[in-house]
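Trainee:
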Amino acid sequence: MSEANAQAPRRVTHDAIQPFMVDGSQVRGRAVRLNDSIDKILGQYDYPPAVARCLGELLMLAALLSSNLKHEGIITLQAKGDGPVPLMVVDATFEGALRGYAQFDKDVTLPEKPTLPEMLGKGYLAITLDQGDASNRYQGIVELQGDTVADAISSYFAQSQQIDVALHLAVGQSQEGGDDPHWIGGGIMVERLPANAEGDVVDDISDNDWQHATVLLETVQAHELLDSSLALSELLYRLYHEDGVWVFEPHDLRQQCRCSRERIESVLMTMPKEDIDHMQVEGVIAVNCQFCNTSYEFDEETVERLFKN
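The numbering used here runs 45 ahead of the 1-based position in the sequence shown.
#1: Suppose you measure from the CA of Asn50 to the CA of Asn333; what does that come to, to the nearest Å?
#2: Mapping the DSSP letters down to three states, classify Gln63 as helix, strand or coil.
#3: How is Arg283 classed by DSSP in three states: helix, strand or coil?
#4: If I'm right that Glu102 touches Gly128 with Cβ under 8 angstroms, what's the distance once you round it to whole angstroms?
#5: Would you kindly report the start and end of the unbroken alpha helix (DSSP H) that includes Ala107?
#6: In angstroms, rounded to a whole number, what distance separates the CA positions of Asn181 and Pro64?
#7: Report the partner residues of Met133 according to the DSSP bridge assignment.
#8: Would you grab the beta carbon distance between Asp60 and Asp297 for me? Rounded to a whole angstrom, and I think it's under 8 angstroms.
#9: Starting from the Cα of Tyr183, find the closest Cα among Leu262, Ile172, Pro131 and give me that residue.
#10: Suppose you measure from the CA of Asn338 to the CA of Leu87; what does that come to, to the nearest Å?
#11: Quick one: Cα of Ala95 to Cα of Thr193, how far?
#12: Whose C-beta lies closer than 7 angstroms to the C-beta of Glu328 among residues of the same chain, with five residues either side of it excluded?
#13: Taking the straight line between their C-alpha atoms, what separation do you get for His268 and Glu310?
#14: Do Glu319 and the ligand NAD come close, with the Cβ less than 6 angstroms from some heavy atom?
#15: Assuming contact is defined by CB atoms lying nearer than 7 angstroms, are Ala189 and Ala195 in contact in what I supplied?
#16: How close, in whole Å, do the beta carbons of Gly185 and Gly118 come, if the pair is a contact with beta carbons under 8 angstroms?
#17: What three-state label does DSSP hand Val210 in the structure shown?
#18: Decide if His213 is buried, meaning its Cβ has at least 16 other Cβ atoms within 10 Å, or exposed.
#19: How close, in whole Å, do the beta carbons of Leu170 and Val187 come, if the pair is a contact with beta carbons under 8 angstroms?
#20: Which residue from Leu106, Thr264, Glu294 puts its Cα closest to that of Gly232?
#21: Out of Val72, Met66, Leu100, Gln71, state which residue places its alpha-carbon closest to the alpha-carbon of Ser82.
#22: So for Leu351, helix, strand or coil by DSSP?
#23: So what does DSSP say about Asn333, is it helix, strand or coil?
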């Protein structure tokens, strides 16, 4: 680790999470920058810009939360409602693999900058932590609250985790280098740590530190979060240089779906033969992965082989 105001940390301009801690306080945080990964995920479907931006914010949140995984696991964020965007699902693995998709009503024209209720309507936000063992699976669910994704996740932590968090997220399109427009995302999340072993925040100093850290966070501009030439460590130094900020080893991120022909075959083998027969169209079963929009086809010979095995 290194103190950003004492020596130059490793420059991070690619898809990555940059953990940090404000010196001498109970405030820690993580910054995220997504370039290729968010562009690939948002480009898989013809999303309206407002839907793409909201899905991009959820992707960044999944990435930020995945950096807290202590060992191999997957964190999933699902926002579900009764609005014109009834479902958004994203997940991130311990290794930094991201994927996500959204369902939306193509016949509904959204405002240029809709609120979360205008997109999802009334619904809930679910966060699921799967550590690979059914006995070690956790899910928290809260009602969707607030106008933005940041509002919803802050409400989740306040209600389900009793943890103070503050977020600043930005998603937009860039034409850096004269290329075609591509999606980019950036964000910072700060969290107040407990001041004692019992998990209580007990003193005025920690309150002051927290208020100071969040006020400074509010000063960051969207163009700074989206500037891929500005390293995350440099951005953190701009915000917290007067206090001192420690930056730690970054975690790399990438777009990667976990679907495969073998996984789908395993699912088909668990289904009743009658259901399989109904799925066939002209002797072929077609399966599409909603996360990466990859299609798989299984002919009659393949299906018969699966059930013989």
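Here a beta-carbon is modelled for each residue, glycine too, at the ideal position from N, C-alpha and C.
Mentor: A quick look at the data gives this:
#1: Only weak support is given to the placement of Asn50: the predicted model assigns it a pLDDT of 43, under 50, and the value that follows is read from those uncertain coordinates. Computed Cα separation, rounded: 49 angstroms.
#2: strand
#3: Here DSSP, grouped into helix, strand and coil, assigns Arg283 to helix.
#4: Not quite, the Cβ-Cβ distance comes to about 16 angstroms (not below 8 angstroms), so this is no contact.
#5: In the DSSP assignment, Ala107 falls within the unbroken alpha helix (DSSP H) covering 94-111.
#6: 25 angstroms
#7: Ala124, Ala147
#8: 7 angstroms
#9: Comparing Cα-Cα distances from Tyr183 to each of Leu262, Ile172, Pro131, the minimum goes to Ile172.
#10: 11 angstroms
#11: Answer to the nearest angstrom: the Cα atoms are 12 angstroms apart.
#12: Looking at the sequence shown, residue 328 is not Glu but Gly. The answer, listed in chain order, is Asp344, Glu345.
#13: One Cα belongs to His268, the other to Glu310, and the distance between them is close to 45 angstroms.
#14: Because no ligand of any kind appears in the structure shown, any question about the ligand NAD cannot be addressed here.
#15: The sequence as given places Leu at residue 189; Ala does not occur at that position. For Leu189 and Ala195, no; Cβs fall outside 7 angstroms.
#16: Not a contact, Cβ separation roughly 15 angstroms.
#17: strand
#18: buried
#19: 6 angstroms
#20: Taking each of Leu106, Thr264, Glu294 in turn and checking the Cα distance to Gly232, the smallest one comes out for Leu106.
#21: The residue with the shortest Cα to Cα distance from Ser82 is Leu100.
#22: helix
#23: Asn333: strand per DSSP, three-state reduction.
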